[in-house]
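Taken in sequence, the protein lines are chains F and W. Mapping the first sequence onto our numbering, position 89 (from 1) lands on 89, and the numbers just tick up by one. The number in our numbering is simply the position in the second sequence, starting from 1, with 243 added. Backbone N, C-alpha and C fix where the C-beta goes; we use that ideal spot for every residue, glycine too. Everything numeric in this text was worked out from a predicted model, so none of it was measured.
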Amino acid sequence: MVKLTINGRKIQAEEGTTILYAARDNNIFIPTLCENEAVSPYGACRLCLVQIKTARGRERLVTSCIYLVEEGLTVETNTERIRKIRGVLLELLLARCPDSEVIQEMAAKEGITITRFYKRKGNNKCILCANCARTCEEVVGVSAISLANRGVDRELTTPFGDDFSEACIGCGSCAYSCPTGAITLIDRGSKRTIKWPHNRMEFKLQKCSVCGNYWAPEKQIAYIAKTSGTKLSEYVACPDCRD
Amino acid sequence: MAIKGLRETVKKALDKHNNDKSLLVDILQDVQATIGYLPKAALVETGKQLGVPISRVYSVATFFKAFSLTKRGRHLINVCMGTACHVRGAVKVLEQIEQELKIKRGGTTRDLKFTLETVNCVGACALGPMVIIGEDYHGEMTPEGIISVLKQYN
Numbered sequence: 001m002v003k004l005t006i007n008g009r010k011i012q013a014e015e016g017t018t019i020l021y022a023a024r025d026n027n028i029f030i031p032t033l034c035e036n037e038a039v040s041p042y043g044a045c046r047l048c049l050v051q052i053k054t055a056r057g058r059e060r061l062v063t064s065c066i067y068l069v070e071e072g073l074t075v076e077t078n079t080e081r082i083r084k085i086r087g088v089l090l091e092l093l094l095a096r097c098p099d100s101e102v103i104q105e106m107a108a109k110e111g112i113t114i115t116r117f118y119k120r121k122g123n124n125k126c127i128l129c130a131n132c133a134r135t136c137e138e139v140v141g142v143s144a145i146s147l148a149n150r151g152v153d154r155e156l157t158t159p160f161g162d163d164f165s166e167a168c169i170g171c172g173s174c175a176y177s178c179p180t181g182a183i184t185l186i187d188r189g190s191k192r193t194i195k196w197p198h199n200r201m202e203f204k205l206q207k208c209s210v211c212g213n214y215w216a217p218e219k220q221i222a223y224i225a226k227t228s229g230t231k232l233s234e235y236v237a238c239p240d241c242r243d
Numbered sequence: 244m245a246i247k248g249l250r251e252t253v254k255k256a257l258d259k260h261n262n263d264k265s266l267l268v269d270i271l272q273d274v275q276a277t278i279g280y281l282p283k284a285a286l287v288e289t290g291k292q293l294g295v296p297i298s299r300v301y302s303v304a305t306f307f308k309a310f311s312l313t314k315r316g317r318h319l320i321n322v323c324m325g326t327a328c329h330v331r332g333a334v335k336v337l338e339q340i341e342q343e344l345k346i347k348r349g350g351t352t353r354d355l356k357f358t359l360e361t362v363n364c365v366g367a368c369a370l371g372p373m374v375i376i377g378e379d380y381h382g383e384m385t386p387e388g389i390i391s392v393l394k395q396y397n
């Protein structure tokens, strides 16, 4: 176990834990957007910024979601300096995604309602945290979407920006893992539509042979059958109707 | 390029790098050196043969400025726009090239002879303004001098 201090509280954490998780286990709140337990840490949104002082006395700012706990570390999560930087970060996020309710709410909690920066036009809620792409790669294992280009042109997209990604199975994990609601998933009748910031894709849903409800995309069922080595015929009924 | 030639080009690049997935950038560089640019088919083929998702290959290929997904000319012109070259008149040189070749920066001439791009410092500031054409470095360029330099290439 590693002993460290967060906000004056002496706590213990297992070696290899990040500051963010150690704080969370001790009910110390650190705001974050891009953190997702299901995927490896990435440090994209920078909101989990904390001030640390190592045992040797070196002070610096780090993102708590990727910094591992150290013996004798002193962490401050809510100093004036942190609040000031976090405020600017939130202002930048507000300028990038003026329509995102999640960011508006988060900023309001820090007392920020307006941004001094130029607001981006268009209804784009994507903060480029790559939660969707990381989930698609690490959890689902298909890597249908990724971030492309660089700098101001960076965007989440399908390969070649096509409205069709052959690898996509329509599971909707990207929409589920998106912290700001930039990706949406709508099931209507036999059709599922997944909308990414720059592309959209439609999927045919499979009908349950018993209750008649549409329950999962055909492509996803085929993928599950293939990776688990089970027969497609085992998936004719939805989970509720299976015995 | 025919698909058969493409497959071999990609295979050759992969063999050179022992099919190492972490050397994707090197592999793409080799493929681009052979074909001249990275067409969609080449990226798909590289991903397929290497076992890397196409989304990742696309992500890498679009991230680096050295890669081009559109056709490029036989000779790549890089005009240095770094601070030292800039103050020594790189803008005038660039404008002269743009006028001479009738293309804008980032463009390719219709006969696929030249592609014009800009870079920010090549580390030869004392020789500025620098113009790099293919592998050749031309230092102390002037709007007048560049015309005769361009004539050396065909």
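(message) As an exercise, report each continuous alpha helix (DSSP H) stretch of at least 4 residues that is fully enclosed by the region 15-80 of chain F, in chain order.
(response) 19-25
(request) At 8 angstroms on the CB atoms, spell out the chain W contacts of F/L147, in chain order. (result) S302
(message) Taking the beta strand (DSSP E) that F/I6 belongs to, which residues open and close that run?
(response) V2 to I6
(request) In the DSSP assignment, find the beta strand (DSSP E) that holds F/S143 and state where it starts and stops. (result) No beta strand (DSSP E) contains F/S143, which DSSP labels as neither H nor E.
(request) Starting from the C-beta of F/K226, find all residues in its chain whose C-beta is less than 6 angstroms away, skip the five residues before and the five after it, and write them out in chain order. (result) none
(message) Going by C-alpha to C-alpha distance, which of F/T230, F/P217 and F/P179 sits closest to F/C171?
(response) F/P217
(message) Closest to W/I363 by C-alpha separation, out of W/L393, W/C328 and W/H381, would be which residue?
(response) It should be pointed out that residue 363 of chain W corresponds to Asn in this sequence rather than to Ile. The shortest C-alpha separation from W/N363 is found at W/C328.
(request) Would you list the one or two residues that DSSP bridges to W/L359? (result) W/I320
(request) Would you kindly work out how many angstroms separate the C-alpha atoms of F/V244 and F/E234, rounded to a whole number? (result) Outside the modelled stretch of chain F, which goes from 1 to 243, sits residue 244 of chain F, for which no answer is possible.
(request) Decide yes or no for the touch test of the region 361-380 of chain W against the region 320-335 of chain W: beta carbon pairs closer than 8 angstroms, at least 3 of them. (result) yes
(request) Please specify which runs of the beta strand (DSSP E), each continuous and at least 3 residues long, are wholly inside the region 143-187 of chain F, giving them in chain order. (result) 146-148 and 155-157
(message) Nearest by alpha-carbon distance to F/R81: which of F/R96, F/I52 and F/L147 is it?
(response) F/I52
(request) State the DSSP-derived secondary structure class of F/M201, mapped to helix, strand or coil. (result) strand
(request) Return the first residue and the last residue of the beta strand (DSSP E) that W/Y380 is part of. (result) D379 to H381
(request) Decide if F/P239 is buried, meaning its Cβ has at least 16 other Cβ atoms within 10 Å, or exposed. (result) exposed
(request) Along the alpha helix (DSSP H) that carries W/V300, what are the first and last residues, could you check? (result) I297 to F306
(message) For the region 149-164 of chain F, list every residue whose C-beta sits within 9 angstroms of some C-beta in chain W, in sequence order.
(response) N149, R150, D153, R154, T157, T158, P159, F160 and G161
(request) Give a yes or no on whether 8 angstroms exceeds the smallest Cβ distance from F/S173 to chain W. (result) no
(message) So F/S177 and F/I145 are supposed to be a Cβ contact under 8 angstroms. How far apart are they, rounded?
(response) Between F/I145 and F/S177 the Cβ distance is about 11 angstroms, and since that is not below 8 angstroms, they are no contact.
(request) Run down chain F in chain order and give the residues with a C-beta less than 8 angstroms from the C-beta of W/P282. (result) None at all; the shortest Cβ gap to chain F is about 11 angstroms.
(message) DSSP has W/V374 in a bridge; who is on the other side?
(response) W/V322 and W/H381
(message) Taking the beta strand (DSSP E) that F/Q12 belongs to, which residues open and close that run?
(response) R9 to A13
(message) Since F/S173 and F/C136 should fall inside the 8 angstroms C-beta cutoff, what is the C-beta to C-beta distance between them, to a whole number of angstroms?
(response) 6 angstroms
(request) Kindly list, in the order they appear in chain F, the residues whose Cβ is closer than 9 angstroms to that of W/R250. (result) Those do not exist, as W/R250 stays about 19 angstroms from chain F at its closest Cβ, beyond 9 angstroms.
(message) Buried or exposed, going by whether 16 or more other CB atoms sit within 10 Å of the CB of W/F307?
(response) exposed
(request) Sort F/I114, F/V2, F/A175 and F/R154 by Cα distance to W/A304 and report the nearest one. (result) F/R154
(message) Check whether chain F comes within 8 angstroms of W/S311, counting only Cβ atoms and requiring the distance to be less than that.
(response) no
(request) Could you spell out the range, first to last residue, of the alpha helix (DSSP H) harbouring F/K226? (result) E218 to S228
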